[in-house]
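Notes follow the structure.
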Amino acid sequence: MLNFDLHTHSTASDGALTPTELMHQAVQAGVQVIALTDHDTTGGITNARHTADQLGLTLIPGVEISATWRDCTLHVVGLQIATDHPTLQQGLARLANARTERAHRISAQLNAAGLAGDWYTTAQQFGQSIGRPHFARALVAAGHAATVPEAFKQFLKPGKPGYVAGTWSPLAEVVHWIQAAGGQAVLAHPARYRLKQRRLRQLLDTFVDVGGTGIEVIAGNHQAEEVRMLARLAHEYSLLASVGSDYHGPGLSYRSLGTLPSLPTGCIPIWRQWSLPTANTTAHASA
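When the letters of the sequence shown are read in order and numbered with the working numbering, they come out as residues 377 to 663.
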């Protein structure tokens, strides 16, 4: 069996490792098929592909796109995308502009709250496609919080001085961008949204209707009971099952590379029709 991890991040967004470093760490961890899925950007794919080819690692070009469904912010992973497709890149460019505007507003609000500094510039030191995690790490580095979770709790969650809501594209648009680029749209870490069963089913109804292909049954923060529930929903909605650690680097991740459990029996993996180094890849996320 191959060892898959189809949700990871680099310094092209909010990961701690460069794309090259991430590929090296994946090989050291025993991962054989990895997707680089940075937030709202494909900027790290070229370097990642170059390194992966040198290491004999199979790289799946990907992206994690921020989307809005009703009043919820969601993330959709695009796998096997053509990274240079104009529809996808035009959509990502819109989100990049939204991220920049939001980052400047967060910086201004932190200053208004009495935390003097050029927070926008400081946050940029922690990666590209700037978002709240960059500011959290900047606040920790400046001594305003001991940990990233503490920085979120004190300054960056709703109701706190540095919180600015994101302005993302509708779910249907995001799925369209991925499909236009020849990719498969996967609903990322669905248990993290803390939706009641009825609302989660409404989301899945919409996701399937707009062309969604898969769902992350196994994600870095999914508990065993959640995995079983999502496996049942994947079967019920005829969604392919994906696996991903949501790895951001040492000390910033729910789970280490190479440690994902196997998909539950009965799940149909997202990679079932991919051209991969071995044909024996139909049942498990890892060996």
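The beta-carbon is built from N, C-alpha and C at its ideal position, and this holds for glycine as well. Source: prediction; values computed, not measured.
For the pair His-400 and Gln-560, the Cα-to-Cα distance works out to about 26 Å.
As DSSP reads the structure, Glu-592 sits in a beta bridge with Ser-618. A direct Cα-Cα distance of roughly 15 Å separates Leu-652 from Ser-618. The Cβ atoms of Leu-616 and Val-562 lie closer than 9 Å to each other. Distance from the CA of Ser-483 to the CA of Leu-382, rounded to the nearest whole angstrom, comes to 32 Å.
Take Ala-411, set aside five residues on each side of it, and the residues of its chain with a beta-carbon closer than 8 Å to its own are Asp-381, Leu-382, His-383, Thr-384, Leu-435, Ile-436, Pro-437, Gly-438, Val-453, Leu-455 and Gly-620, in chain order. Annotation for Leu-382: the continuous beta strand (DSSP E) segment containing it runs 380-384.
Rounded to whole angstroms, Arg-648 and Glu-602 show a C-alpha spacing of 23 Å. A residue is called buried when at least 16 other Cβ atoms come within 10 angstroms of its Cβ; Ala-600 does not meet this threshold and is exposed. By the Cβ-count criterion, Ser-614 is exposed, with fewer than 16 other Cβ atoms from all chains shown falling within 10 Å of its own Cβ. Taking the C-beta atoms as reference points, Ser-442 is found nearer than 9 Å to Leu-450. As DSSP reads the structure, Gly-454 sits in a beta bridge with Val-439 and Ala-561. Residue state for Ala-411 is assigned as strand, using DSSP reduced to three classes. Counting along the chain, Met-399 sits inside the alpha helix (DSSP H) bounded by residues 395-404.
In this structure, Thr-387 is the residue among Gly-538, Gln-504, His-611 and Thr-387 with its C-alpha nearest to the C-alpha of Pro-626. Measuring C-alpha to C-alpha distances from Gln-501 to each of Arg-631, Gln-485 and Ser-389 identifies Ser-389 as the nearest. Buried is the label assigned to Asp-414, since at least 16 other Cβ atoms lie within 10 Å of its Cβ.
Shown here for Val-407: same chain residues with a beta carbon closer than 8 Å to its own, the five before and five after excluded, namely Asn-379, Phe-380, Asp-381, Leu-433, Leu-633 and Gly-634 in chain order. Gly-588 and His-598 have their C-alpha atoms some 20 Å from each other. Per the coordinates, the alpha-carbon of Gly-596 lies some 34 Å from the alpha-carbon of Ala-489. Residue Arg-446 holds the alpha-carbon nearest to the alpha-carbon of Leu-547 among Gly-420, Arg-446 and His-624. DSSP places Pro-537 in the coil class of the three-state scheme, outside both helix and strand. Take the alpha-carbon of Ala-517 and the one of Gln-430: they are about 35 Å apart. Assigned with DSSP and collapsed to three states, Thr-427 falls in helix. Rounded to the nearest whole angstrom, the CA to CA distance from Lys-533 to Ala-479 is 14 Å.
In the structure shown, the three-state DSSP call for Ser-545 is strand. Here Leu-393 has Ser-386, Thr-387, Gln-401 and Gly-625 as same chain residues with Cβ atoms under 7 Å from its own Cβ, once five neighbours each way along the sequence are excluded.
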